[in-house]
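Taken in order, these protein sequences are the chains called A and E.
Counting in my numbering, the first sequence runs from 84 upward without gaps.
Counting in my numbering, the second sequence runs from 18 upward without gaps.
By construction, the Cβ of each residue, glycine as well, lies at the ideal position given by its N, Cα and C atoms.
From a predicted model like this one, the values you see are computed outputs, not experimental measurements.
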Amino acid sequence: MAKIDINVKILRYQPAKDEKPHWQDFAISVEDESTVLDVLNEIHWQHDGTLAYRRSCRSSICGSCAMKVNGRNVLACETPIHRFGTKLKIEPLSGFEILKDLVVDLEPFFAKLKRIRPYLILDKPLPDKEFVQSPQQLEQIGESTLCILCAACSAACPSSWPNSDYLGPAALLKAYRFVFDSRDDGADQRLEIVNDKNGVWRCHTIFNCMEACPKKIKITEYLSRLKVKVVENSL
Amino acid sequence: MDKNFKQTSRSGSLGWLLQRISAVILFILLLFHFITYHFLTTGRSVSYQQVLERAQSWWFPLLQFAFLITALYHGLNGVWSVLEDYTSSKTWRLVWYSLLLTVGVVLLFVGTLTIIKLYTLKAV
Chain A
84 MAKIDINVKI LRYQPAKDEK PHWQDFAISV EDESTVLDVL NEIHWQHDGT
134 LAYRRSCRSS ICGSCAMKVN GRNVLACETP IHRFGTKLKI EPLSGFEILK
184 DLVVDLEPFF AKLKRIRPYL ILDKPLPDKE FVQSPQQLEQ IGESTLCILC
234 AACSAACPSS WPNSDYLGPA ALLKAYRFVF DSRDDGADQR LEIVNDKNGV
284 WRCHTIFNCM EACPKKIKIT EYLSRLKVKV VENSL
Chain E
18 MDKNFKQTSR SGSLGWLLQR ISAVILFILL LFHFITYHFL TTGRSVSYQQ
68 VLERAQSWWF PLLQFAFLIT ALYHGLNGVW SVLEDYTSSK TWRLVWYSLL
118 LTVGVVLLFV GTLTIIKLYT LKAV
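Given below as structure tokens:
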């Protein structure tokens, strides 16, 4: 490992003193194998302790550190800086209210998630042991269960930016995950919720969500299947 | 929670389905269009007489009219879908919808007139 000099431009916003967000430059020296999170830690610990950002697991599983780096939504903890060269431009996720620096208000995001009832709904009695699910049934939900709720997809979706009422790809993916789960009985309720002007029909298959997803989930493909299911159900 | 997801009474399922159906129809009509315009004509250049004969055969106005209806629906429904992303106020939705409907009716009228004119054109 060797040290390299990099220039980091960060969109700062301290609500106590700033009227609006502004860019601040940092010239720092870090290990060449650093991640974006390492860079932020270096700035926070050695240069400016007031910098605010979310972090937790450092293993790309908690979904806390999603942010925009050089125009792309990434998880700071899993993204090496060599992908961007020696110039980094870091800003908070788009489409959300900035609370402080890189920390955005994710309340609307989780409220939309709750809206589609992201839990198993059962009409049938609980089985004596566990639910039995065949490999084919599991294949139906596939990688949609891998979502870590980092909000990178919803923040990358152009349909979300002008319309804060749009459910967004993350909530719709979660709806897909339960609608196509063989153990669940709440498909009709969820399909009714997503069959709305602000539901699945605001998705125009732009593919930004897929590109932004750190877990490489084929979100657009799952949402297309959800649309077909809604139509089948409403005909 | 309501401020984060305003459930509406409007669905978009029918519009979405019809957009796909009209896309498939447009694709088939485009194939017919290419065949009739580029492969059925004989000789290196197309004469006025040949164009007139084609325009006045029984199938030509039907093909053109189907094209007109499908393309108008597909195009205007697509624009409406984009406008819905950006328009939440009821008044503006009504304004845009009325405008698109008017554009549709005018273009349908002009297109139909053109097809009829071609069909009834006299030979020189």
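A:R285 versus chain E: which residues are under 7 Å apart at the beta carbon? D102
Per DSSP, A:Q83 is paired with what? Nothing can be reported for residue 83 of chain A: it is not among the residues displayed for chain A, which extend from 84 to 318.
Environment of E:V122 [buried if 16+ CB atoms lie within 10 Å]: exposed
Does the contact criterion of 3 or more C-beta pairs under 8 Å hold for the segment 189–205 of chain A versus the segment 106–118 of chain A? Segments in contact, no.
Quick one: is A:D271 buried, meaning 16 or more other Cβ sit within 10 Å of its Cβ, or exposed? exposed
I'd like the ranges of any beta strand (DSSP E) spanning at least 3 consecutive residues and lying wholly in the segment 134–193 of chain A. 149–152, 155–158, 170–174, 181–183
Does the beta carbon of E:G95 fall short of 6 Å from some heavy atom of the ligand FAD? By its list of ligands, the structure shown contains no ligand whatsoever, and the ligand FAD lies outside what it can speak to.
Euclidean distance between Cα positions of A:D268 and A:K207: 8 Å
Between E:L34 and chain A, is the shortest Cβ-Cβ distance under 7 Å, so that the two count as touching? yes
Checking 7 Å against the spacing of the C-beta atoms, do A:S120 and A:C148 come in under that value? Correcting the residue identity first, residue 120 of chain A is Leu in this sequence and not Ser. Result yes, Cβ atoms of A:L120 and A:C148 sit closer than 7 Å.
Could you list which residues in chain A have their beta carbon closer than 9 Å to that of E:S28, in chain order? N278, D279, K280, G282, W284, V313, S317
DSSP state of A:D271 mapped onto helix, strand, coil: helix
What does DSSP give as the partner residue(s) for A:D88 in the beta ladder? Beta-bridge partners of A:D88 (DSSP): A:S112.
Can you tell me where the alpha helix (DSSP H) holding A:L221 begins and where it ends? 218–224
Count the CB pairs spanning the segment 92–107 of chain E and the segment 57–77 of chain E that are closer than 8 Å, and state whether there are at least three. no
Whole angstroms is fine: what's the gap from E:A140's alpha carbon to E:L69's? 7 Å
Per DSSP, which residues does A:T118 bridge with? Please list them. A:P163
Pop quiz: E:W33 and A:W284 are said to be a contact at Cβ under 8 Å. What is the actual Cβ separation, rounded to whole angstroms? Contact check for E:W33 and A:W284: beta-carbon distance about 6 Å, within the 8 Å limit, so the pair qualifies.
When DSSP labels each residue in this structure, what does E:W97 get in the three-state scheme? helix
Strictly under 7 Å for the Cβ-Cβ distance: is A:S327 near chain E by that measure? Past the edges of chain A, shown from 84 to 318, lies residue 327 of chain A, and the structure says nothing about it.
Leaving out five residues on either side along the sequence, give the residues of the same chain with a beta carbon under 7 Å from the beta carbon of A:V313. L274, V277, N278, V283
If you draw a straight line from the C-alpha of E:A83 to the C-alpha of E:H55, how long is it? 19 Å
Just reading off the alpha helix (DSSP H) that A:A239 is part of, what are its end residues? 235–239 is the extent of the alpha helix (DSSP H) around A:A239.
Whose C-beta lies closer than 8 Å to the C-beta of E:F44 among residues of the same chain, with five residues either side of it excluded? none
Alpha carbon to alpha carbon, what distance is there between A:E226 and A:Y96? When only Cα atoms are considered, A:Y96 and A:E226 end up about 36 Å apart.
Enumerate, from N- to C-terminal direction, the unbroken alpha helix (DSSP H) stretches of 4 or more residues contained entirely within the segment 36–104 of chain E. 65–72, 76–103
Within 7 Å (strictly less), CB to CB, does A:P245 reach chain E? yes
Buried or exposed: where does A:C140 fall if 16 or more other Cβ atoms within 10 Å of its Cβ makes it buried? exposed
Using the beta-carbon count (16 or more within 10 Å), is E:S62 buried or exposed? exposed
Between A:I231 and the rest of its own chain, which residues show a CB-CB distance below 8 Å, the 5 nearest in sequence each way excluded? S143, I144, C145, G146, P297, K298
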